[in-house]
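Have a look at the structure below before the remarks.
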Amino acid sequence: METRICKHCGKEFVPEYLRQICCTKECQQARSKAKREEKRSEYRKTERAKLKKYKAEESKKKNKGSSLGLVEKNAIAKKNGLSYGHMQALIDLKGSTWEDWA
Ligand SMILES: [Zn+2]
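In our numbering, the protein residues as written are 1078 to 1179.
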């Protein structure tokens, strides 16, 4: 068989079997370990991305909870003698909606 370049350490070697890609067992093991870790970190990355997307969608949903616009909400807050932020906090606290205070 022709010589090959070890995928792990870059050394030239003569493979003993067709699919051998590393010069020694040690290199093979080190490589598969590195690959495993690569996969794991990739998995973590995609999981994080998924979570981020999920959170973004959740917050979008939350904001969409009311059909009222900012102007209407401000008017409602004013009517109840509160600022927009205080009104929102009160609504969240009571588990109510902007419409309840309109
Ligand atoms: Zn090697």
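Every residue gets a Cβ at the ideal spot worked out from N, C-alpha and C, and that includes glycine. All values reported here derive from a predicted model rather than from experimental measurement.
Cβ distance (whole Å) where residue i is taken to contact residue j below 8 Å
{"i": "W1175", "j": "L1145", "result": "5 Å"}
{"i": "K1084", "j": "C1099", "result": "6 Å"}
{"i": "V1091", "j": "T1101", "result": "Incorrect: roughly 12 Å between the Cβ atoms, too far for contact."}
{"i": "E1089", "j": "I1082", "result": "6 Å"}
Among the options, the one whose alpha carbon lies nearest that of residue i
{"i": "A1154", "options": "E1135, L1170, E1134, W1178", "result": "W1178"}
{"i": "C1086", "options": "K1139, R1096, P1092, Q1105", "result": "Q1105"}
Distance cut-off 7 Å: residue i Cβ against heavy atoms of ligand 3
{"i": "A1133", "result": "The model on display carries ligand 1 but not ligand 3."}
Bridge partners - residue i, DSSP secondary structure assignment
{"i": "E1089", "result": "I1082"}
Which residues end up in the neighbourhood of ligand 1 when you take C-beta atoms closer than 6 Å to any of its heavy atoms? C1083, H1085, C1086, K1088, C1099, C1100, T1101, C1104
Which runs of the alpha helix (DSSP H) spanning at least 4 residues fall entirely within the region 1097-1156, listed in chain order? 1102-1140, 1147-1156
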